[in-house]
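A.B. asks: After the structure tokens below, expect a handful of questions from me.
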Amino acid sequence: MAASAARVGTRSGARARARVSAAPTERKVRVPDERKVRVPRCGEARVWEQGTGAPLCYLGGLRGLPRWPAFLDRLAARRRVIAPSLPGFPGARGHEELDDLADWVIATLDLLEASGAAGADLVGASVGATLAAEVAAFSRESVRRLALIAPFGLFDEREPVADAFALRKGEVAGMLCADPAKYEAFLARPDGEDEIEWQVTQVRAEEAAARLLWPTGDRGLGKRLHRIAAPTLLVWGSQDRVVPASYAKRFASGLGGLVQIRSVEGAGHMAELDAPDAIADAVLEFLR
Amino acid sequence: MKLLWFHLMPYTRLPEDFAERHPSVWVDIDSRLFDPTLAHGMYNEFMDELEHAAEVGFDGICVNEHHQNGYGLMPSPNLIAASLARRTRDAALVVMGNSLALYNPPVRVAEEMAMLDCISGGRLVAGFPVGTPMDTCFAYGQNPSQLRQRYHEAHDLIVKAWTEPSPFAWNGRFNKLRYVNVWPRPLQKPHPPIWIPGGGSVETWRWCAERDYVYSYLSYFGYKLGKATMDGFWQEMERLGKEPNPYRAGFLQFVGVAESRAEAMELYREPAEYFYGRCLHVDARYAAPPGYSSEATLRARVQSQVVQAAQLVSNERQASTGRRFEDIVEQGYVIIGSPDEVADQLRQVATDLRVGQLMLLLQFGNMDRQLTLHNTELFAKRVMPQLRGLWDDRWENHWWPRPLPASERAPVRERARA
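Going down the list, the sequences are from chains A and B.
Residues in the first sequence are numbered from 3 upward in steps of one, following this note's numbering.
Residues in the second sequence are numbered from 325 upward in steps of one, following this note's numbering.
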């Protein structure tokens, strides 16, 4: 970790300060650079950025990015990570303007272009991976290489995708992460954040995901997978309780280009929270 | 005051250990518990009970819409209302639900309700609920984030379809119809009165005020918990400068009448415990799909006092599983007593909550036909006369159906049993 901290600490004063304050024995999550871009119809979207090197764009999962995660830190040690917020997820609004898949794909393309991430390597998790795959299918030139962590989008009724929107309060963390504490820490309200607004932001992210995915089923991605020409890495936590790990094969068999599958032992649906280093390393290796 | 008789049509034979052995009465209720032969009997009893209520003088009879639900056997209230239209003469037919976003295209609602209005000679009240999350988002797969947008568009389309004299094109956000031309058209002009069954959201209150619709709070938790919501509603009406006409408001109350309170405790214990213990056994995972509540409502839920009451409701709901009848009565979920005691309490409720359209659940849970008729009859003969005149000296009910005069109504052939 010391090596990665050294690599990313060079571009801005903010990061340099963060690096200095990092305790030597634990990973200190730094504050990324932040800027705003405009997405037509949806409005402003936050773009977080960190690291240097070839650009890598990341689209977050079911809760978006309420904070900068260790997973992106690890990626940013080697690459320039650009993390734009999808409509409705923390840092962006406008999901209620998007009515169908075409709207979402266009908004995502607009967002990638506005963030300067079009044509870069594209990494997505869960709902973000679904949109990454759609974008790669609709607009081949927008994506160089693709890494998908547990995307939604296919549905096999013999082994159905779980309903991640119908969970009792106490079972959410354990459903989404193999280690519920990782989930709780990711969503914990930072000091100084308003409690009500923090909650509203989280529910809004859930709503945005539901707006795209509800009701959970096949949205036609299966018919478009052959369009994805980008070499694609499929990453799945072996303990994914939402989209079973067997879906990796279903995706792989439909994809048009080079495909690699990486199973991450012991990780859940939000595998990038459960096993940030293992997944970041697999992604970095594939995108090299 | 208007007194209306409301039927939920609960399946009356859920097993005693239902709440222990099954996760939910709604959405994924075990279909092996459904016996169609028993349901044949239930439907016919329930429809008899509604017809009976109309015969003994209730102003209106109410049906509503639920899906995949063990306490509501009416996925299509319009089917029941069609039969009631033929078998009753004067009672208002209050269809407290077509959940507008569930109908594709929504002109289906405009058509069916126009049929009901024509068949009944103009006795229809058109209820337009959004629908519960269980019904709309889970049973019918509607997107919770789009539900309200679709609901509002459907509403606008239906009202226009009822009132626009010429065929028109509808190029809505969710519905594209090149030729809208509802045929038949409603008998009541410009259209049947519209009542909105809703929860406690400020947006709904404002919308009802704007459109001049009846706001109807259909809670299963009685007047004590309903008070906060109705107070909120009336405060909002005052703020908007609307006259405080009690007929703007509907409210639902469970009631059990007997010769004495002691007898009522005995008679209504089992059906009440059945309803609150088994029928309200809803899995919490279906209660709050993201986007179903607006952000304003969400903020209010955390902040306001009105909503502390709503949270109390959900706590109560949790705790009500297997609740004892004593507590059910104490909390005011069910009002019981002798006819005089019930009349006193209901007068108090109607006055406190300022309600002109009082809906009564006199059948609930597994209450059998005999007790239901008894309850209905006692209410009609000995409670109703004591409540009748309330409000009428000062307020006019602008939200009541205007049927054809009796002399112009079509004759209905006597029972054909062939």
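For each residue, glycine too, the CB sits at the ideal point set by N, CA and C.
1. For the putative contact between B:R726 and B:G446, defined by C-beta atoms under 8 Å, what is the C-beta separation to the nearest angstrom?
2. Tell me the DSSP bridge mates of A:R40?
3. Please list the partners that B:G271 has in chain A, where partner means a Cβ-to-Cβ separation under 7 Å.
4. Am I right that A:G121 and A:S87 are in contact with their C-beta atoms under 8 Å? What's the rounded C-beta distance?
5. To the nearest angstrom, how far is it from the Cα of B:N721 to the Cα of B:Y571?
6. B:E379 versus chain A: which residues are under 7 Å apart at the beta carbon?
7. Note down, in chain order, every chain B residue with its Cβ under 7 Å from the Cβ of A:R170.
8. Examine chain A for any beta-carbon lying closer than 8 Å to the beta-carbon of B:P347, and answer yes or no.
9. Would you say B:Q470 reaches chain A, if we count a Cβ-Cβ gap shorter than 8 Å as a contact?
10. Using a C-beta cutoff of 8 Å, does B:R602 count as contacting chain A?
11. Under the DSSP definition of a beta bridge, which residues are partnered with A:P57?
12. Using CA atoms only, rank isn't needed, just tell me which of B:V653, B:V418 and B:H391 is closest to B:A586.
13. Between A:F154 and chain B, is there a C-beta pair that is closer than 8 Å?
14. Beta-carbon of A:A212 versus every beta-carbon of chain B: anything under 8 Å?
15. Would you check if there are 3 or more beta carbon pairs closer than 8 Å linking the segment 258-277 of chain A to the segment 233-244 of chain A?
16. Can you tell me where the beta strand (DSSP E) with A:R142 in it begins and where it stops?
17. Could you tell me the alpha carbon to alpha carbon distance between B:Q669 and B:R648, rounded to whole angstroms?
18. Can you check whether the CB of B:V606 is closer than 8 Å to the CB of B:V349?
19. Is the Cβ-Cβ distance between A:L103 and A:A85 less than 8 Å?
20. So, is the C-beta of B:R502 closer than 8 Å to a C-beta in chain A?
21. Counting only the same chain and skipping the five closest in sequence on each side, list residues whose C-beta sits under 6 Å from that of B:L362.
22. Between which two residues does the alpha helix (DSSP H) containing B:Y427 stretch?
23. Using a Cβ cut-off of 8 Å (strictly closer), state whether B:E619 contacts chain A.
24. Excluding sequence positions up to five away, which residues of its chain have a Cβ less than 7 Å from the Cβ of B:A634?
25. Just to confirm, is the Cβ distance from B:E369 to B:R693 under 8 Å?
26. Looking only at its chain, what residues have a beta carbon closer than 7 Å to the beta carbon of B:Y616, apart from the 5 residues adjacent to it on each side?
27. By DSSP's criteria, B:W494 is part of a beta bridge. Which residues make up the other side?
28. Quick one: which residues of the segment 482-501 of chain B get their C-beta closer than 9 Å to a C-beta of chain A? List them in chain order.
29. Taking contact to mean 3 or more Cβ pairs, one atom from each stretch, closer than 8 Å, check whether the segment 521-537 of chain B and the segment 558-577 of chain B are in contact.
30. Do B:S540 and B:S662 come within 8 Å of each other at the CB atom, strictly closer than that value?
31. Look up A:D35 in the DSSP assignment and give the residues it is bridged to.
32. By the criterion of Cβ-Cβ separation under 7 Å, what are the contact partners of B:G615 in chain A?
C.D. replies: A quick look at the data gives this:
1. The sequence position of residue 726 of chain B within the second sequence is 402, counting from 1. The sequence position of residue 446 of chain B within the second sequence is 122, counting from 1. At roughly 6 Å, the Cβ-Cβ gap stays under 8 Å, so B:R726 and B:G446 are in contact.
2. Position 38 of the first sequence, counted from the start, is the residue given in the question as residue 40 of chain A. In DSSP, A:R40 forms a bridge with A:E46.
3. Because residue 271 of chain B is not part of the residues shown, which for chain B are 325 to 742, the question remains open.
4. For this step, residue 121 of chain A is matched to residue 119 along the first sequence. For this step, residue 87 of chain A is matched to residue 85 along the first sequence. In fact, because the Cβ distance is near 20 Å, the residues do not count as touching under 8 Å.
5. Translated into positions along the second sequence, residue 721 of chain B becomes position 397. Translated into positions along the second sequence, residue 571 of chain B becomes position 247. If you take the alpha carbons of B:N721 and B:Y571, they lie about 6 Å apart.
6. Numbered from 1 along the second sequence, position 55 holds the residue referred to as residue 379 of chain B. Within 7 Å Cβ-Cβ: nothing; B:E379 doesn't reach chain A, min ~44 Å.
7. Working through the first sequence from its first residue, we reach residue 170 of chain A at position 168. Within chain B, the residues near A:R170 are A608 and R609.
8. In the second sequence, the residue the question calls residue 347 of chain B occupies position 23. No, its Cβ sits nowhere closer than 8 Å to a Cβ of chain A.
9. Residue numbering aside, residue 470 of chain B sits at position 146 when the second sequence is read from its first letter. Yes - at least one Cβ of chain A is within 8 Å of the one on B:Q470.
10. Residue mapping note: residue 602 of chain B aligns to position 278 of the second sequence, counting from 1. Judged by the 8 Å Cβ criterion, B:R602 is not in contact with chain A.
11. Residue mapping note: residue 57 of chain A aligns to position 55 of the first sequence, counting from 1. According to DSSP, which records beta bridges pairwise, A:P57 is partnered with A:R82.
12. Locating residue 586 of chain B in the second sequence gives position 262, where the first residue counts as 1. Minimum Cα distance to B:A586 is reached at B:V653.
13. Looking up residue 154 of chain A in the first sequence gives position 152. False, the Cβ-Cβ gap to chain B never drops below 8 Å.
14. Against the first sequence, residue 212 of chain A aligns to sequence position 210. It does: the Cβ of A:A212 has a partner Cβ on chain B nearer than 8 Å.
15. yes
16. Residue numbering aside, residue 142 of chain A sits at position 140 when the first sequence is read from its first letter. A:R142 -> no beta strand (DSSP E), and no H or E assigned at all.
17. Within the second sequence, numbered from 1, the residue matching residue 669 of chain B stands at position 345. Within the second sequence, numbered from 1, the residue matching residue 648 of chain B stands at position 324. One C-alpha to the other measures close to 21 Å.
18. Translated into positions along the second sequence, residue 349 of chain B becomes position 25. Translated into positions along the second sequence, residue 606 of chain B becomes position 282. Against a cut-off of 8 Å, the Cβ pair of B:V606 and B:V349 comes out as a contact.
19. The residue given as residue 103 of chain A occupies position 101 in the first sequence. The residue given as residue 85 of chain A occupies position 83 in the first sequence. Cβ atoms of A:L103 and A:A85: not closer than 8 Å.
20. Locating residue 502 of chain B in the second sequence gives position 178, where the first residue counts as 1. By this cut-off, B:R502 is not an interface position.
21. Mapped onto the second sequence, residue 362 of chain B falls at position 38. Result list for B:L362: R337, in chain order.
22. Here residue 427 of chain B corresponds to residue number 103 of the second sequence, with the count starting at 1. Looking at the DSSP string, B:Y427 is not in any alpha helix (DSSP H), and its letter there is neither H nor E.
23. Your numbering for residue 619 of chain B matches position 295 in the second sequence. True, the Cβ-Cβ gap to chain A drops below 8 Å.
24. Residue 634 of chain B sits at position 310 when you count from the first residue of the second sequence. With a pLDDT of 46 at B:A634, under the threshold of 50, the predicted position of this residue should be treated as unreliable, and no value is reported.
25. Taking the second sequence and counting its residues from 1, one reaches residue 369 of chain B at position 45. Taking the second sequence and counting its residues from 1, one reaches residue 693 of chain B at position 369. Cβ atoms of B:E369 and B:R693: closer than 8 Å.
26. On the second sequence, residue 616 of chain B is found 292 positions in, with the first residue counted as 1. For B:Y616, the CB contacts under 7 Å within the same chain, skipping 5 residues up- and downstream, are P457, C461, P468 and L471 in chain order.
27. Indexing the second sequence from 1 puts residue 494 of chain B at position 170. Bridge partners of B:W494: B:L501.
28. R497 and F498
29. yes
30. Position 338 of the second sequence holds residue 662 of chain B. Position 216 of the second sequence holds residue 540 of chain B. No, the Cβ-Cβ distance between B:S662 and B:S540 is not below 8 Å.
31. Sequence index remark: in the first sequence, residue 35 of chain A carries index 33 (1-based). DSSP, once it has assigned bridges, lists A:E51 as partnering A:D35.
32. As a first step, residue 615 of chain B is located in the second sequence; it is residue number 291 there, counting from the start. In chain order: E209, A212 and R213.
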